[in-house]
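Novice: Take the sequence shown: its position 61, counting from 1, is numbered 124 in this note's numbering, and each next residue is one higher.
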Amino acid sequence: MATLSSPLRVCRGIIKELRAVHGQQYRQSLAYSYVMSQFRKNAVTGERYCRAQQEALHASQTYLCLLASTRNHQLLHDLYHGKGERSQEEAAALVGLRLPTQPGGKGWEK
């Protein structure tokens, strides 16, 4: 999230991640109420430059990155975490390989 983006886009991204975590009941979560109160508190004013707004935007971008990275980590963990003993075919397919087959069909391969 090195690029600068608008506070509205960051707020929508955080809400999207909260919806992914909490489901349809995300509006009742404490995180949602805190994020919305902070965004309302740091709304754009008539000032030309406000350091607190820039710090709040940076903190919100960091929080969005944390939420997205945590969700992606959980997806990868669920996909690749060991599920007990795997067969040789499953282990080879997991890394994109295939086991060699016996040419001529001796009858012992599947």
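Ideal placement from N, C-alpha and C gives every residue a C-beta, glycine not left out.
1. Going by Cα to Cα distance, which pick from Gln101, Gly76, Ser100, Ala155 is closest to Ala131?
2. How many Å lie between Thr164 and Arg149 at the Cα?
3. Could you name the residues of the same chain whose beta carbon sits closer than 8 Å to that of Arg82, not counting the 5 residues immediately before and after it, in chain order?
4. With Leu142 as the anchor, note down where its alpha helix (DSSP H) starts and where it stops.
5. Assign Gly159 to one of three DSSP states: helix, strand, or coil.
Specialist: Judging by the given coordinates:
1. As a position in the sequence shown, residue 131 is number 68, starting the count at 1. Nearest C-alpha to Ala131: Gly76.
2. Position 101 of the sequence shown holds residue 164. Position 86 of the sequence shown holds residue 149. Cα to Cα, Thr164 sits roughly 19 Å from Arg149.
3. Residue 82 sits at position 19 when you count from the first residue of the sequence shown. So the list reads Tyr89, once near-sequence residues are dropped.
4. On the sequence shown, residue 142 is found 79 positions in, with the first residue counted as 1. For Leu142, the uninterrupted alpha helix (DSSP H) segment begins and ends at 114 to 143.
5. The residue you call residue 159 lines up with position 96 of the sequence shown. Coil.
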